[in-house]
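Asks: Have a look at the structure that comes next, please.
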Amino acid sequence: MLRWFGVLAVLLLTLVAAPGQAGTARTGTITAAQAPSAALGEEIRYNVYLPSGYARGQDRYPVLYLLHGRGDSMEAWTRVKDSLDRMIAAKEIPALIAVMPDAPWNERGNWYVDSAYSAGKPVETAFTRDLVQHVDATYRTAPIRNARLVGGYSMGGAGALRYALAHQDLF
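Counting in our numbering, the sequence shown runs from 1 upward without gaps.
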């Protein structure tokens, strides 16, 4: 009888102390942040998704950079949070950090490249050098090429394709 009491006590303690109790959704967080950029001479604004458990652990994570389309901002990607939470919980993807930078654009665009026209900005250098270095220094990333991904839609899709091809040392 004493043995069963001990087993029951251990079981109850395990349930009480378990970080993701049954019925409790494990969700990540999205926060706004800024990265210094020598290339731009100003801050790069971005949102960052940190997976559930990030604050409590020491694990290093892959990073997914999500580039928005023309006319949008870094806020466009915040809707992806629920999908990331669900896919991580279902083990369809590993827990990861997602970075959603705000890309300056205007009628002459930027298309995530260093602009040659006079009012343009060196967006590609700012993102591929300054932002990646900042993210690796600020968060527990796996700072290697095989743990960095870049994706986007519309103008961001064009930027993601360019970065993946032109910066194979990073992505």
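Note that beta-carbon positions come from the ideal geometry of N, C-alpha and C, so glycine has one too. Keep in mind the model is a prediction, meaning the values are calculated, not measured.
Any chance you could list the alpha helix (DSSP H) runs of at least 4 consecutive residues sitting entirely within the region 138-171, in chain order?
Replies: If we require 4 residues or more, the alpha helix (DSSP H) runs fully inside the region 138-171 come out as 155-166.
Asks: Over what stretch of residues does the alpha helix (DSSP H) that includes alanine 89 continue unbroken?
Replies: From DSSP, the alpha helix (DSSP H) with alanine 89 extends over 81-89.
Asks: If you measure between the beta carbons of aspartate 130 and serine 37, is that distance less than 8 Å?
Replies: Yes, the pair counts as a contact, with Cβ atoms nearer than the cut-off.
Asks: What is the rounded straight-line gap between the Cα of aspartate 82 and the Cα of alanine 142?
Replies: Answer to the nearest angstrom: the Cα atoms are 23 Å apart.
Asks: How do the region 124-140 and the region 80-94 stand: do at least 3 beta-carbon pairs fall below 8 Å, yes or no?
Replies: Counting Cβ pairs under 8 Å, fewer than three are found: no touch.
Asks: With DSSP run on the structure shown, which of helix, strand or coil describes tyrosine 65?
Replies: Residue state, collapsed to three classes: strand.
Asks: Can you check DSSP and say which residues form a bridge with serine 37?
Replies: Paired residue(s): Glu42.
Asks: For threonine 172, count neighbouring Cβ atoms within 10 angstroms of its own Cβ and tell me buried if that reaches 16, exposed if not.
Replies: Past the boundaries of the shown model lies residue 172; the chain is included only from 1 to 171, so the question cannot be answered.
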